[in-house]
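Everything in the sequence shown is counted per our numbering, starting at 245 for the first residue and increasing by one.
Note that beta-carbon positions come from the ideal geometry of N, C-alpha and C, so glycine has one too.
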Amino acid sequence: MTTTSPTQLDGSVAPSATRSGRVRLTAAALAASAATVVVLLATTPWGDRLDSGADTILTYDKLRAVRDAAWPSMLLDAFAFAVIGLTLGLGVLHLACERGRTAALLGAALTTTGGILFAMGATAFATFAWFITADGLPGGAGQSLVDYANEHPGHLIGPNTAGFLLLTIGALVLSVALIRAGAVPVPALIAFIVLTVAQFAGLPGRTMDFIQIAMMMLVIGFAAVIWRRGQPSSSRD
Numbered sequence: 245m246t247t248t249s250p251t252q253l254d255g256s257v258a259p260s261a262t263r264s265g266r267v268r269l270t271a272a273a274l275a276a277s278a279a280t281v282v283v284l285l286a287t288t289p290w291g292d293r294l295d296s297g298a299d300t301i302l303t304y305d306k307l308r309a310v311r312d313a314a315w316p317s318m319l320l321d322a323f324a325f326a327v328i329g330l331t332l333g334l335g336v337l338h339l340a341c342e343r344g345r346t347a348a349l350l351g352a353a354l355t356t357t358g359g360i361l362f363a364m365g366a367t368a369f370a371t372f373a374w375f376i377t378a379d380g381l382p383g384g385a386g387q388s389l390v391d392y393a394n395e396h397p398g399h400l401i402g403p404n405t406a407g408f409l410l411l412t413i414g415a416l417v418l419s420v421a422l423i424r425a426g427a428v429p430v431p432a433l434i435a436f437i438v439l440t441v442a443q444f445a446g447l448p449g450r451t452m453d454f455i456q457i458a459m460m461m462l463v464i465g466f467a468a469v470i471w472r473r474g475q476p477s478s479s480r481d
């Protein structure tokens, strides 16, 4: 009696009942995290999106205005992106077991690393922003810290930016793996690739929010594919 699961025509594996639970957990975590990001991007409790290319990245008054809502929402966003980076790669590895396997492994490594790095940077940034806007600081101290942070953008948003780039590149590599595996409709993957590239078009902040919302909706659809493929082979029609 063999313990391996049969490989399907599209290159994915028909999981056993034991493996099915792990695959479905991956799909559920991916969908829940993407839905969380959708809600956060739609409501933007942290205020306006930062412009990393501007001479002044932070504005003290804007940080103070969203202080109480920004800290928990940025932490939640950081955690969600870390989970997406991990589970997106795991999901593609499940679907691309034969064709596209090398690209899937590389993409999964990039998205996992990027998600973790982004979460580290976002957590540090959220904590920094909360402390420098505290009422108990001496007069002008918060503004002085903001000015100093603006003079050192690499330390301020370097980890976030590096994590975002790695996650983005990894997602593109995973898209290639899925195209090779034939596991997801190509038009959906093309739409995801176009939206991913559009993030670097220098669009206004709110437009960028809507682009990333659309991307997360596609990720939720991908999670549904993983969930369906996670059914044990004996339970399928």
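Return the Cβ separation of residue i and residue j in integer angstroms, given the expectation that the two are a contact with Cβ distance under 8 Å.
| i | j | result |
| --- | --- | --- |
| arginine 424 | glycine 344 | 3 Å |
| alanine 326 | alanine 373 | At roughly 19 Å, the Cβ-Cβ gap does not stay under 8 Å, so alanine 326 and alanine 373 are not in contact. |
| glycine 333 | alanine 363 | Not a contact, Cβ separation roughly 15 Å. |
| glycine 386 | isoleucine 376 | 5 Å |
| alanine 347 | alanine 421 | 4 Å |
| proline 397 | glycine 365 | Actually they are not in contact, since the Cβ atoms of proline 397 and glycine 365 sit about 12 Å apart, beyond 8 Å. |
| glycine 358 | phenylalanine 436 | Their Cβ separation, rounded to whole angstroms, is 16 Å, which puts glycine 358 and phenylalanine 436 out of contact at 8 Å. |
| valine 282 | methionine 461 | 7 Å |
| valine 417 | leucine 350 | 5 Å |
| lysine 306 | aspartate 292 | 7 Å |
| phenylalanine 466 | valine 428 | 6 Å |
| threonine 270 | threonine 331 | 5 Å |
| threonine 355 | leucine 411 | 5 Å |
Classify residue i: buried if its beta carbon has 16 or more other beta carbons within 10 angstroms, exposed otherwise.
| i | result |
| --- | --- |
| aspartate 481 | Legend: pLDDT at aspartate 481 = 45, less than 50; position of this residue unreliable, value from coordinates given subsequently. Answer is exposed; the Cβ neighbour count stays below 16. |
| phenylalanine 444 | exposed |
| tyrosine 392 | exposed |
| aspartate 379 | exposed |
| threonine 440 | buried |
| alanine 434 | Strictly speaking, residue 434 in this sequence is isoleucine, with alanine absent from that position. So isoleucine 434 counts as exposed. |
| alanine 340 | buried |
| serine 264 | buried |
| alanine 286 | exposed |
| arginine 472 | exposed |
| serine 317 | buried |
| valine 438 | exposed |
| alanine 275 | buried |
| glycine 329 | buried |
| threonine 246 | Legend: pLDDT at threonine 246 = 41, less than 50; position of this residue unreliable, value from coordinates given subsequently. So threonine 246 counts as exposed. |
| leucine 447 | exposed |
| glutamate 395 | exposed |
| arginine 266 | exposed |
| glycine 383 | exposed |
| glycine 297 | exposed |
| aspartate 299 | exposed |
| glycine 414 | buried |
Which two residues bound the contiguous alpha helix (DSSP H) that contains residue i?
| i | result |
| --- | --- |
| serine 317 | 311-339 |
| leucine 210 | This structure cannot speak to residue 210, because the chain is shown only from 245 to 481. |
At which residue ranges does the region 391-473 contain complete alpha helix (DSSP H) runs of 4 or more residues, listed in the order of the chain?
DSSP runs (the alpha helix (DSSP H)) wholly in the region 391-473: 397-425, 430-442, 449-473.
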